[in-house]
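Step one of this worksheet: look at the structure below.
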Amino acid sequence: MIRFLIQNIRWLSVGFLLTFASTGGQTWFISLCSSSIKEQFALSDGAWGGIYTLATLASAVIMFWQGSIVDRVPPRYVTLITACLFALAAVGMAVGQSVWILGCSLFLLRFCGQGMFGHIAMTTLGRWFVNHRGRAVALANLGYPASEILLAAPAVIIIEAFGWQALWICVAIFVLLIFVPTMAALLRTDRVP
C-alpha cells in the first residue's frame with residue numbers, strides 16, 4: 001500500500017482534493033449558514049427548504065445530462081471550469097441580495113461541489129487505475145471525511161467572528177488561489193493506466 005501511494009501520489013491527490021473541495025457544496029457545510037440565510041432573506045423554514053430542494057433537484061437533472069462531459073473533455077479542463085463556477089457560486093452566496101441569486105448560487109454549489117467534484121474524481125480515477133481502481137477510489141473518498149474534520153470548526157469560527165458571508169468569500173479565495181493552481185499543476189498530464 002505504501003509503495004502504491006508513493007508511486008501514485010500525484011494522481012491520488014487529484015481524487016482526494018476533489019472530494020475534499022466538494023465540501024462547499026455539501027449539505028452539512030451549507031447548513032452552517034442556514035439560520036443566517038433565512039434571517040437575511042426573510043425566509044421561512046419551508047421557503048428555505050423549498051429553494052434548497054429545487055437547487056438540489058435541478059443540479060441532479062443537469063448532472064444526468066452533463067456527467068458524461070468527463071468522458072469527452074480532459075479532466076484538467078473540466079476540473080478548472082467546474083472550480084471557477086464553484087468560486088462564482090461562493091461569491092454569489094456572499095454578495096447576493098436577492099432570492100434568485102441565492103437560488104442560482106445554491107444550484108451551482110450543489111452541481112459543482114456536491115455533484116461534479118466527486119464525479120470527476122471517481123470517473124477519472126476509474127479511468128486511470130484499471131488494476132487498482134477500488135484502492136484508488138477508496139483513498140480519494142477519504143477527502144470527504146477529511147474536509148468535515150478539518151473545516152467544520154474553522155467554518156464556525158469564521159461565521160461567529162465575521163459573519164456567514166465571510167465564510168463564502170473564504171471559500172472563493174481558497175478555490176481560486178489554492179485549489180485551482182494546485183489542480184492545474186497536478187493535472188498537467190493524465191496518468192497512463
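Residue numbers are given in the numbering used here: position 48 of the sequence shown equals residue 48, and the series is strictly consecutive. All C-beta atoms, glycine included, are put in the ideal place defined by N, C-alpha and C. Here the structure is a predicted model, which is why all the values come from computation and not from measurement.
Kindly list the residues whose CB is nearer than 6 Å to the CB of L18, restricted to its own chain and excluding five residues on each side of it in sequence; keep chain order. F117, I120, A121
Taking the CB atoms as reference points, tell me whether L186 and R10 lie closer together than 8 Å. yes
Within 8 Å (strictly less), CB to CB, does A94 reach chain D? You won't find chain D in this structure, because it holds only one protein chain.
Tell me whether A60 sits in a helix, a strand or coil according to DSSP, three-state version. helix
The alpha helix (DSSP H) with N8 in it runs from where to where? 2 to 21
Pairs of beta-carbons, one from the stretch 167 to 182 and one from the stretch 72 to 87, closer than 8 Å: are there three or more? yes
In chain order, each alpha helix (DSSP H) run of at least 4 residues that lies wholly inside the stretch 157 to 192: You should have 164 to 174, 180 to 186.
Residue ranges of each alpha helix (DSSP H) run of no fewer than 4 residues wholly in the stretch 65 to 135, ordered along the chain? As far as the stretch 65 to 135 is concerned, its whole alpha helix (DSSP H) runs of at least 4 residues are 69 to 72, 75 to 95, 99 to 108, 118 to 128.
Does the count of Cβ pairs from the stretch 49 to 67 and the stretch 127 to 143 closer than 8 Å reach three? Cβ pair count under 8 Å is below three, so no.
Thinking just about the alpha-carbon of each residue, which of L5, R191, F29 is nearest to the one in L106? F29
What's the call for A138, buried or exposed, on a 16-neighbour Cβ count within 10 Å? The residue in question, A138, is exposed, as its Cβ has fewer than 16 Cβ neighbours within 10 Å.
Label V95 either buried or exposed according to how many other C-beta atoms from any shown protein chain fall within 10 Å of its C-beta, with 16 as the threshold for buried. exposed
How is the alpha helix (DSSP H) around S36 delimited, first residue to last? 34 to 41
Three-state class that DSSP yields for L142 in the structure shown: Here L142 carries a coil assignment [DSSP, helix/strand/coil].
Local conformation of S44 per DSSP, three classes: It is coil, neither helix nor strand.
List the whole-angstrom C-beta distance separating L167 from A155, where the pair is believed to meet the contact cut-off of C-beta under 8 Å. 6 Å between Cβ atoms; contact.
Looking at L32: is its Cβ nearer than 8 Å to the Cβ of I159? It is a contact, given that the beta carbons lie within the stated cut-off.
Tell me whether the beta-carbon of I62 lies closer than 8 Å to the beta-carbon of F111. yes
Beta-carbon spacing of F4, A146 below 8 Å: no
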